[in-house]
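In what follows, a structure is listed as structure tokens, so that the remarks can point back to it.
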Amino acid sequence: MALSLPSIADELYRHQTAATELKKLTLRYEGLTVDDAYEIQRLTMQKYMAEGARLVGWKMGLTSKAKQRSVGVDEPIFGHLLSTMELTRPTLSMKGLIHPRVEPEIAFVFRSRLEGPDVTARDVWLATECVVPAVEIIDSRYENFSFTLVDVIADNASSARFYLADQAFSPYAFRLDEVGVVMRQDGEVVQTGAGAAVLGHPVRSVVEQVRMLTRFGAAIEPGMVVLTGGITEAIHVHPGDRVEIAFAGMGAIELEITE
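Quick look at the structure:
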């Protein structure tokens, strides 16, 4: 099929808003590149923003070396966070979702702009207002949650919803690479991990985020949130589940899954 990035974005938008699966783009459109995929993502997100959604931040994906190896890449990917994706309380409705999965993350919230190819960890710390325990709900729109790198980038890096805990912390309060996480589903431990799973340290994820945004003429703006990447594997959730995620020294998030 001929490549028309706007029409592909239209197709993705329809499936995202209707919560219906579609076949992988790469099975139907030959020659799609990573840059094409980011343009499809941008065009899709513009449709939401034209309807009133605001861009409130960015998310990082493929931030563990194991995940990068599994899809044959050597750098993470990113997606948009929109105001309509943020949960205001820790309750996740399955409405509008296909096959959601939940993963724990550490979020950075920024007080000043970050941009440019030469940003350093020091720049990130100086620009950070606070760090917050967070949950991201990922929900690939592709059949069987199966995709290539190009597919997942086009699909906004599978991002669907996110929730930030009520309590924020000074970015200097913890060694974020050493923060342990325990995730329980209906009382049973299902995943454990530590912040070091995110590129060795979550701050490195933000550095990569800024560098990647720079390639596309974007930046982290004051007030924005960055989800730095999953600390553990994501878990499947279903209506009636209760997911508790404990962040050592930073409290816990209890997420209720409803119809």
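One point on numbering: in UniProt numbering, the residue at position 235 of the sequence shown is 235, and numbering is uninterrupted. Heads up, the beta-carbon is just placed ideally off N, CA and C, and yes, glycines get one too.
- prompt: Should glutamate 259 be labelled buried (16 or more other beta-carbon atoms within 10 Å of its own) or exposed?
  reply: On the sequence shown, residue 259 is found 259 positions in, with the first residue counted as 1. The residue is exposed, with fewer than 16 neighbouring Cβ atoms inside 10 Å.
field: Residue interval of the alpha helix (DSSP H) (run including alanine 37)
entry: On the sequence shown, residue 37 is found 37 positions in, with the first residue counted as 1. Counting along the chain, the alpha helix (DSSP H) containing alanine 37 begins and ends at 34-50.
Nearest candidate by alpha-carbon position, reference phenylalanine 108, set Thr88, Lys59, Thr91: Counting from 1 along the sequence shown, the entry for residue 108 is found at position 108. The candidate whose alpha carbon is nearest that of phenylalanine 108 is Lys59.
query: Just checking my contact of leucine 227 with alanine 134 at CB under 8 Å: how many whole Å lie between their CB atoms?
result: Within the sequence shown, numbered from 1, the residue matching residue 227 stands at position 227. Within the sequence shown, numbered from 1, the residue matching residue 134 stands at position 134. Yes, they are in contact, since the Cβ atoms of leucine 227 and alanine 134 sit about 6 Å apart, within 8 Å.
message: I'd like to know if leucine 62 contacts chain C, where contact means its C-beta is closer than 8 Å to some C-beta of that chain.
response: No chain C is present in this structure, which holds just one protein chain.
- prompt: Do you know whose CA, among Thr63, Asp123, Thr88, lies nearest histidine 201's CA?
  reply: Indexing the sequence shown from 1 puts residue 201 at position 201. Residue Thr63 is the option with its Cα nearest to histidine 201.
query: Who are the Cβ neighbours of aspartate 151 in its own chain at under 7 Å, not counting the five residues just before and after it?
result: For the purposes of this step, residue 151 is taken as the residue at position 151 of the sequence shown. Around aspartate 151: Lys24, Leu25, Thr26, Tyr142.
query: So glutamine 191 is in the beta strand (DSSP E); what residue range does that whole segment cover?
result: As a working note, residue 191 is residue 191 in the sequence shown. First-last of the beta strand (DSSP E) with glutamine 191: 188-194.
- request: Go through the segment 82-138 residue by residue and report every complete run of the alpha helix (DSSP H) that reaches 4 residues or more, in order.
  value: 121-127
C-alpha distance - valine 56 paired with tyrosine 48, whole-angstrom precision: By 1-based counting over the sequence shown, the position of residue 56 is 56. By 1-based counting over the sequence shown, the position of residue 48 is 48. The alpha-carbon atoms of valine 56 and tyrosine 48 are separated by roughly 13 Å.
field: In DSSP terms, what serine 7 is bridged to
entry: As a first step, residue 7 is located in the sequence shown; it is residue number 7 there, counting from the start. Beta-bridge pairing links serine 7 to no other residue.
message: For leucine 255 and isoleucine 235, what's the separation of their Cα atoms in angstroms?
response: Walking along the sequence shown from the start, residue 255 turns up at place 255. Walking along the sequence shown from the start, residue 235 turns up at place 235. Cα to Cα, leucine 255 sits roughly 13 Å from isoleucine 235.
query: According to DSSP, is glutamate 178 helix, strand or coil?
result: Translated into positions along the sequence shown, residue 178 becomes position 178. Helix at glutamate 178.
- prompt: Along the chain, where does the alpha helix (DSSP H) that runs through serine 205 open and close?
  reply: Counted from its first residue, the sequence shown places residue 205 at position 205. Here the alpha helix (DSSP H) through serine 205 covers 202-215.
- prompt: From what residue to what residue does the beta strand (DSSP E) around alanine 252 run?
  reply: As a position in the sequence shown, residue 252 is number 252, starting the count at 1. Start and end: 251-258.
query: On the three-pair Cβ rule with 8 Å, is the segment 82-91 touching the segment 111-124?
result: no
task: Quick one: grab the DSSP three-state call for alanine 53.
output: The residue you call residue 53 lines up with position 53 of the sequence shown. Here alanine 53 sits in coil by DSSP.
message: Assuming the contact rule is C-beta atoms closer than 8 Å, serine 140 and aspartate 123 should be a hit. Round their C-beta distance to whole Å, please.
response: Translated into positions along the sequence shown, residue 140 becomes position 140. Translated into positions along the sequence shown, residue 123 becomes position 123. Wrong, their Cβ atoms sit about 33 Å apart, outside the cutoff.
- prompt: I think glutamate 136 touches phenylalanine 162, with their Cβ atoms under 8 Å apart; what is that distance to the nearest whole Å?
  reply: Here residue 136 corresponds to residue number 136 of the sequence shown, with the count starting at 1. Here residue 162 corresponds to residue number 162 of the sequence shown, with the count starting at 1. Glutamate 136 to phenylalanine 162, Cβ: 5 Å. Contact.
message: In this structure, how does DSSP classify serine 159 when only helix, strand and coil are distinguished?
response: Counting from one through the sequence shown, the residue named residue 159 turns up at place 159. Here serine 159 sits in strand by DSSP.
field: Run of the beta strand (DSSP E) containing isoleucine 245, from where it starts to where it stops
entry: Sequence index remark: in the sequence shown, residue 245 carries index 245 (1-based). 242-247 is the span of the beta strand (DSSP E), which, as asked, contains isoleucine 245.
field: Candidates Val206, Glu188, Gly230: closest to lysine 67 by CA position
entry: As a first step, residue 67 is located in the sequence shown; it is residue number 67 there, counting from the start. Of the candidates Val206, Glu188, Gly230, the one whose C-alpha sits nearest the C-alpha of lysine 67 is Gly230.
- request: Identify which residue in Ile98, Glu51, Val225 has its Cα closest to the Cα of leucine 164.
  value: As a first step, residue 164 must be located in the sequence shown, where it is residue number 164. Minimum Cα distance to leucine 164 is reached at Val225.
message: So, for phenylalanine 145: in the same chain, excluding its five sequence neighbours on each side, which residues have a beta-carbon less than 7 Å away from its beta-carbon?
response: Counting from one through the sequence shown, the residue named residue 145 turns up at place 145. Answer for phenylalanine 145: His99, listed in chain order.
Closest by C-alpha distance to valine 243, when choosing among Val190, Gly251, Val206: In the sequence shown, the residue the question calls residue 243 occupies position 243. Ranking the options by Cα distance to valine 243, first place goes to Val190.
query: How far does the alpha helix (DSSP H) with leucine 149 in it reach, from first residue to last?
result: Locating residue 149 in the sequence shown gives position 149, where the first residue counts as 1. First-last of the alpha helix (DSSP H) with leucine 149: 149-154.
- prompt: Around the C-beta of alanine 37, are 16 or more other C-beta atoms found within 10 angstroms, so that it is buried, or is it exposed?
  reply: Locating residue 37 in the sequence shown gives position 37, counting from the first residue. Counting Cβ neighbours within 10 Å, alanine 37 comes out buried, since at least 16 surround it.
message: If I follow the unbroken beta strand (DSSP E) through valine 226, where does it start and stop?
response: Position 226 of the sequence shown, counted from the first residue, corresponds to residue 226. It spans 225-227 - the beta strand (DSSP E) in which valine 226 sits, taken as one unbroken run.
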